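All remarks here apply to the structure that follows.
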Amino acid sequence: MITREYVTLFLVGSCFLLDYSSQVPLQAQLQSRTKAGVMSASGGTRGKTVRAPLGEVISLESRMRLRRHGRSKVQRIKRGWVWNQFFVLEEYMGSEPQYVGKLHTDMDHGDNAVKYTLSGEGAGSIFTIDQITGDIHALVGLDREEKSYYTLRAQAVDKHTGLPLEPESEFIIKVQDINDNEPRFPDSPYSATVPEMSPTGTYVTQVTASDADDPTYGNSARIVYSILHGQPYFSVDPKTGVIRTALANMDREVKGEYQVLLQAKDMGGQLGGLASTTTINITLSDVNDNPPRFAKSIFHLRVPELASVGSAVGRIRAHDLDAGSNAEVDYAIVPGDEGNMFDIISNGQSQEGVVVLKKTLDYETKKSYTFKVEASNAQLDPRFLHLGPFKDSATVKVNVLDMDEPPVFTKPSYSMDVYEDTPPGTIIGSVTAHDLDASSSAVRYSMEWHTESDSCFDIDTVEGTISTNEYLDRETAVLHNITVVATKVSKYSTSSTHCQDRWRQFFRKRGTQQEKLMQKTGWKYEICVSVMYKYEEAPIRSVCRDHGYIIEPWER
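Numbering-wise, the sequence shown is residues -23 to -1, 1 to 533 according to mature numbering (1 follows the signal peptide of the UniProt record, and there is no 0).
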């Protein structure tokens, strides 16, 4: 190994470069420089190193014509440039200009007859040369990341005549890198997504840092990645920056977001290297790994018995911990006798099951219905079928609410006969109506008077018996159609008499409103009353209006 006590010479053009070795072995320097096409000094061959003790100089001989002190002659001379450094350290902070190297020619005999000049990039402003000694210095601190090398030209001239002693030679001063830049993440912070329940080693993302230092020199730009926060959930490849899952089966429903603090450190991660950090926000995307679940096992619903077919009875819901389409739930009624009365519709927006009435209800026939409803996922993931059935069931109990229905007459039609001249107050018949509701409220009867002839009759409000109010005249009217109303007594009434009086007062005051009220609280029925001659055994043939009853005369 060549050490400090040797000097290596390189030929560039027509000059020699003298490179003093320091801590770097010369053999390594020679290998890098001979690759650049530098010719060695011995015999013009390439790729060989010429060693010489310090103080000795090897050069090539050539002929040239010199004009010195007014004389011109041709002589054999040894010519060549010698300078001892190609590199200048960047970010130099010393108080004196940084020494770069020394320019020397064999024509310089130490009599101050040679003048050295420097031109090219930075000559005079960045680099300066001592015209007598040939020493080159850097006047300012240099940043390799701004400019990595400078191309200059050197020449030695006769101080008295100004004529060149050697042809102008070009050389490069390279700024030697130091580790003055930490790694940087250009796109920080980062976001990534990985499916939940992923196995260990699943790729998440790749994060790359850059270092402005020289990647070809030392370890200044050699970056190593490590995770400072985020273990044991994730890992990073120290060379590539690829992040992968380190823990299997991470559950989004337990924890859906993770924050990883990643460090990039140069110098191969060694002590003294510069480092920087970045944050990676990792979100677990949802997969269908949860079945729908009812919050309770029994749902109680109520519906009026008069509800129309197709109307909504109530809503039930099964909750799915998944998100998006993985949380969509389909509802169905488990086949059964009582479930045939209802249907269920899946609401895609609210994920509820809407129970609707399929058939008409009757409280007096059946007061409640019980059936089962099943909730299942609309979309299944085959990878997670082993986690169990993706469905759940619950019981729905629907109670039918009793409504205040009008009473019903016991016969579909009524017809009565009465002789003319029958004394007022004579009972000619009766009607009967019943309350079919569970309350079995008492029924009261009344009569609607539409014409003056209707006032010929009256009805007992409690018993429903119909009687005459006055004498009837067959020649005036053979048939009478009277309207009887059956009304349930309000449960809030204190007595039947009070209730009846109230309705009569209502009829008198409300007029046309009575018809609507009867449709809600009572049942009307028209009765055909036939008036016979006093000594008739049967009425003559007649027709009852509205209902079309035919009354045939009796045989005498």
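Note that CB positions come from ideal geometry on N, CA and C, so glycine has one too. Bear in mind that the values here come from a model prediction, so they are computed numbers and not experimental data.
Let's see if you can read the secondary structure: which residues bound the beta strand (DSSP E) around residue i?
i           : result
E68         : Premise fails: E68 is in no beta strand (DSSP E) and is neither H nor E.
V290        : 289 to 296
Y308        : 306 to 310
residue 603 : Examination of residue 603 is not possible in this model, given that the chain is present from -23 through 533 alone.
D112        : 112 to 115
N458        : 456 to 465
S102        : Unbroken run through S102: none, as it is neither H nor E.
Y202        : 201 to 206
K343        : Here K343 belongs to no beta strand (DSSP E), and DSSP marks it neither H nor E.
F162        : Careful: F162 lies outside any beta strand (DSSP E) and carries neither H nor E.
G245        : Segment: none, G245 is in no beta strand (DSSP E) and carries neither H nor E.
Considering only residues of the same chain and omitting the five flanking positions on each side of residue i, which have a CB-CB separation below 7 Å?
i    : result
G118 : E68, Y69, M70
N446 : P401, S432, C433, F434, D435
T179 : V171, R221, T222
G233 : T260, L261
P163 : S187
A284 : L334, L338
Straight-line CA distance for residue i to residue j?
i           : j    : result
E452        : V420 : 36 Å
P74         : L66  : 12 Å
D190        : D297 : 54 Å
R130        : L116 : 17 Å
D379        : E282 : 6 Å
P366        : D358 : 12 Å
N354        : S175 : 21 Å
G97         : G245 : 37 Å
E329        : I321 : 10 Å
G325        : T464 : 47 Å
T105        : I113 : 6 Å
D85         : Y76  : 21 Å
K368        : N265 : 12 Å
T442        : E382 : 23 Å
D301        : Q356 : It should be pointed out that residue 301 corresponds to Gly in this sequence rather than to Asp. In a straight line, the C-alpha of G301 is about 11 Å away from that of Q356.
T403        : S444 : 5 Å
E440        : L456 : 24 Å
D83         : L95  : 18 Å
G249        : D154 : 16 Å
P166        : V184 : 10 Å
S390        : V290 : 37 Å
M227        : P215 : 23 Å
E315        : R279 : 15 Å
P141        : D107 : 17 Å
G99         : T128 : 9 Å
I459        : S417 : 27 Å
T256        : L364 : 34 Å
T372        : H411 : 37 Å
A295        : N267 : 12 Å
V385        : S407 : 15 Å
S327        : V377 : 26 Å
residue 534 : D299 : Summary: the structure shown does not reach residue 534, with the chain confined to residues -23 through 533, and so no result is reported for it.
D450        : S288 : 55 Å
If you drop the 5 nearest sequence neighbours on each side, which residues of the same chain put their C-beta closer than 8 Å to that of residue i?
i    : result
N89  : I109, K136
P160 : A186, S187, D188, I200, A241, K242, D243, L251, A252, S253
V311 : F348, K349, V350, E351, S370
Y448 : E397, D398, T399, P400, P401
Cβ of residue i versus every heavy atom of the ligand COA: is any distance shorter than 7 Å?
i    : result
T453 : Only the bare structure without any ligand can be found here, which leaves the ligand COA out of the picture.
Could you name the residues of the same chain whose beta carbon sits closer than 6 Å to that of residue i, not counting the 5 residues immediately before and after it, in chain order?
i           : result
G111        : K79, L80, H81, Y93
T387        : T409
A304        : D297
Y126        : I149, K151
Y235        : Y210, I259
V213        : Y202, I204, I220
R45         : With a pLDDT of 42 at R45, under the threshold of 50, the predicted position of this residue should be treated as unreliable, and no value is reported.
E341        : L413
H277        : K374
residue 538 : It is not possible to answer for residue 538, since the shown part of the chain is limited to -23 through 533.
State the CB to CB distance for the pair residue i and residue j, rounded to an integer number of angstroms; the pair is presumed to be in contact (CB under 8 Å).
i    : j    : result
V237 : G195 : With a Cβ gap of about 30 Å, V237 and G195 do not count as contacting.
F319 : K335 : 5 Å
S423 : V375 : In fact, because the Cβ distance is near 37 Å, the residues do not count as touching under 8 Å.
V332 : I275 : In fact, because the Cβ distance is near 14 Å, the residues do not count as touching under 8 Å.
E143 : A133 : 5 Å
Answer yes or no: does any C-beta atom of chain C fall closer than 8 Å to that of residue i?
i    : result
Q240 : You won't find chain C in this structure, because it holds only one protein chain.
Cβ pair count under 8 Å reaching 3, the segment 416 to 430 against the segment 385 to 402: No, the segment 416 to 430 does not touch the segment 385 to 402.
I'd like to know if the segment 260 to 272 and the segment 198 to 212 are in contact, where contact means that at least 3 CB-CB pairs between them fall below 8 Å. Contact fails between the segment 260 to 272 and the segment 198 to 212, because fewer than three Cβ pairs, one in each stretch, are under 8 Å apart.
The segment 160 to 177 in contact with the segment 257 to 266 per 3-pair CB rule at 8 Å: Three or more pairs of CB atoms, one per stretch, sit closer than 8 Å, so the segment 160 to 177 contacts the segment 257 to 266.
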